[in-house]
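Quick note, the sequences are listed as chains V and D, same order. The first sequence maps to residues 720 to 1034 in the working numbering. The second sequence maps to residues 720 to 1034 in the working numbering. All residues carry an ideal CB built from backbone N, CA and C; glycine is no exception. Owing to the predicted nature of the structure, the values given are computational and were not obtained by experimental measurement.
2 protein chains.
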Amino acid sequence: MLPTLKDIYEAAERIKPYAHHTPVLVNESLNKQTGAQVFLKCENLQKVGAFKFRGACNAVFSLTDEEAARGVCTHSSGNHAAALALAARMRGIPAYIVMPDNAPQVKKDAVAGYGGRIMFCEPTLEARESTLEGIRLNTGATVIHPYNDERVIAGQGTAALELLEDIPDLDVIIAPVGGGGLLSGTSIAATETKKGIRVIAGEPEMADDAFHSMQAGEIIPSVNPKTIADGLLTSLGTLTFPIIQKNVEQIVTVSEEGIIVSMKFVWERAKIIIEPSSAVAVGVLWEKKIDLSGLKVGVIISGGNVDLKKLPWQD
Amino acid sequence: MLPTLKDIYEAAERIKPYAHHTPVLVNESLNKQTGAQVFLKCENLQKVGAFKFRGACNAVFSLTDEEAARGVCTHSSGNHAAALALAARMRGIPAYIVMPDNAPQVKKDAVAGYGGRIMFCEPTLEARESTLEGIRLNTGATVIHPYNDERVIAGQGTAALELLEDIPDLDVIIAPVGGGGLLSGTSIAATETKKGIRVIAGEPEMADDAFHSMQAGEIIPSVNPKTIADGLLTSLGTLTFPIIQKNVEQIVTVSEEGIIVSMKFVWERAKIIIEPSSAVAVGVLWEKKIDLSGLKVGVIISGGNVDLKKLPWQD
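This is how it looks when you write it as structure tokens:
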């Protein structure tokens, strides 16, 4: 079942006691630079530093008490893992997180810090999936996929709902696209609450599988993508793709340089820490491949988790 | 005349069309680390990236049309210079900024970017003051001191007013202290709107002139201070000192290490960019020289202007 606007409203009620209603920031320098009137929806200021908390929280609190008691599990080394661990801790249930044993220490620490039970495996998709399946069979935990899950999609859509509540007269919303959880949820929330609003995605040029999938009319998987936007490496899912096809006007690709320059500009001028994946959405405005001048544009800043010792402008 | 609560309310009305009502952020990790319930009043997200815009804006828009037409002037190479330049541009009047010729390029660019007319001089206090006096005589511009000015103090106080509007049940407010403009304005706004609220200042151990001034009961000037918190090098003023004496419970000094660790923690966990001077206020909680555990503590994050290529944890 594809999620609906009703699911997103229900998700918003469900996660309200746990998630932040994040602020929307405006910045004159960014407006001047891009020619648009830009509204940054700061999901970097969300719990765990990413929008991912919304979807994970909605999924965890959607479970029956009986399901919940057995816990949740996923394989991820990124923001979804941290988000699921925190949401599970808030409900008082275990979260089993499968991570490759070569994952960066900072990511292991984040998940462990939120109380996630980490299960290490070989760094292959096959090992991740078989380890996850083993956990599911042993514990009865519910698998929460990072994006191809209607509860997760509905949760992610709540960010756009809040944004339109705060700034009702937006012309355009831009979100980054990786697996499509944020983009699909955003697109439902936006197009079904505001007639005529345009939903546009930003995607790294170096990981442009969603762009090609839209052109081809079928999911073209991502093959060995290499981009600084490490949250956007995954391919679209069977749930997210049809929603995106229906609601999203177009996917605009952004160069690696555009990502880095946009990221640095937002740090310097807006004084918030955004990760490269967030800068992909800003980069759509920055590179001006499409004309959005004079429009009111909401940009979903997806997260702010970066290693402060490895910044792309340090050398 | 010392500014009053009424002046701060008037300032709030006066600057409302120009300044941001900045968000207040909470962060669970910071609460856990400090033992307090912390509310970050994000003046780093203010125009020009610092609370200084409030005071400069109030001063500029307090002028009569006749005064305003002749412009404003100051000597500063920091946030006050940028703030005054922007406020003057908003009113459509010139801002003459005296800067030492060895000021960092990034600061010159900031002031010029806001339309300030920079006058260079030798890097001595004497040269700065005589250059400023020359400008005043030639142009008739009004001198706006960075902190020892009642219009500026009243403007700075509006940040605490907003903070208490958003979070009315604070037990304590912490602000950093340099010249005392922010601290004195904050202390009037807080103590006169909320009976029993405690106002505490953070000051670098390496620039602890305000601490000594409070002990001595007279202004002890800062002598060659060396701290990473470069916004807090100045000494208290004849207007700010008596206000602080009357309203501020105590001044707590913070080590250089405490400043850097607090700064990095806020970047990493709260995902906002704060400058070292802001981290001095956070450092009061971090170092726990005084016990604020269990209390609701508002912290004024004074600014976010840093050189991203020179971060104190890069080596």
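Length of the line joining the Cα atoms of V:Ser903 and V:Pro961
9 angstroms
What are the boundary residues of the alpha helix (DSSP H) that V:Val939 is part of?
Looking at the sequence itself, residue 939 of chain V is Ile, so the reference to Val does not match. No alpha helix (DSSP H) holds V:Ile939; DSSP gives it neither H nor E.
Nearest CA to the CA of V:Thr946: which residue from V:Phe930, V:Pro995, V:Ala920?
V:Pro995
Please report whether the beta-carbon of D:Asn1037 lies at a distance below 7 angstroms from any beta-carbon of chain V.
Because chain D here runs from 720 to 1034, residue 1037 of chain D falls outside it and cannot be looked at.
Alpha-carbon to alpha-carbon, D:Gly853 and D:Arg836
14 angstroms
Inspect the CB distances between the segment 848 to 868 of chain V and the segment 776 to 784 of chain V and report whether three or more fall short of 8 angstroms.
yes
Cutoff 7 angstroms; reference D:Asn821; Cβ partners in own chain excluding five residues on either side:
Pro842
Limits of the alpha helix (DSSP H) - the one that V:Pro995 falls within
995 to 1006
Note down the Cα distance separating D:Gln964 from V:Val767, rounded to an integer number of angstroms.
41 angstroms
When you check each C-beta in the segment 965 to 985 of chain V against every C-beta of chain D, which residues fall closer than 9 angstroms?
Lys983
Label V:Ala935 either buried or exposed according to how many other C-beta atoms from any shown protein chain fall within 10 Å of its C-beta, with 16 as the threshold for buried.
exposed
Using the rule of at least 16 other Cβ atoms within 10 Å of the residue's Cβ for burial, across every protein chain shown, is D:Asn1024 buried or exposed?
buried
By the DSSP assignment, the beta strand (DSSP E) with V:Tyr815 in it spans what residues?
814 to 819
Beta-carbon contacts of D:Ile992 that lie in its chain and below 7 angstroms, excluding the five residues immediately before and after
Asn763, Trp986, Gly1023, Val1025
Give a yes or no on whether the minimum CB-CB distance between V:Gly899 and chain D is below 7 angstroms.
no
Around the C-beta of D:His1037, are 16 or more other C-beta atoms found within 10 angstroms, so that it is buried, or is it exposed?
With chain D covering 720 to 1034 only, the question about residue 1037 of chain D has no answer from this structure.
Roughly how many angstroms separate the alpha carbons of V:Glu869 and V:Gly774, rounded to a whole number?
9 angstroms
Interface residues of the segment 1007 to 1026 of chain V facing chain D [CB-CB below 7 angstroms]:
Gly1023
With distance defined between alpha-carbon atoms, name the residue in V:Gln765, V:Gly899, V:Met720, V:Trp1032 nearest to V:Lys735.
V:Gln765
Would you kindly work out how many angstroms separate the C-alpha atoms of V:Leu782 and V:Ala807, rounded to a whole number?
11 angstroms
Under the three-state DSSP convention, the category D:Gln824 falls into
helix
Please state if the CB of V:Ile1019 and the CB of V:Ala878 are separated by a distance shorter than 7 angstroms.
yes
Residues of the segment 738 to 766 of chain V whose Cβ lies closer than 7 angstroms to any Cβ of chain D, in chain order
Pro742, Leu744, Asn763, Leu764
C-alpha distance - V:Thr793 paired with V:Met818, whole-angstrom precision:
9 angstroms
Tell me which same chain residues have a C-beta within less than 8 angstroms of the C-beta of V:Lys913, skipping the five on either side of it?
Leu883, Pro887, Leu889
Quick one, which of D:Pro923, D:Thr959, D:Val967, D:Leu958 has its alpha-carbon nearest D:Ala948's?
D:Pro923
Of the residues D:Asn943, D:Ser932, D:Ala998, which one's Cα is nearest the Cα of D:Gln719?
A question about residue 719 of chain D goes unanswered here, because the residues of chain D that appear run from 720 up to 1034.
Of the residues V:Glu976, V:Ser906, V:Ser849, V:Arg847, which one's Cα is nearest the Cα of V:Gln875?
V:Ser906
For D:Thr957, which residues in the same chain have their Cβ closer than 8 angstroms to its Cβ, ignoring the five residues on either side in sequence?
Asn867, Ile938
D:Gln1033, buried or exposed, once every other Cβ within 10 Å from all chains shown has been counted against 16:
exposed
Contact list for D:Lys1028 against chain V, beta-carbon separation under 8 angstroms:
Trp1032, Gln1033
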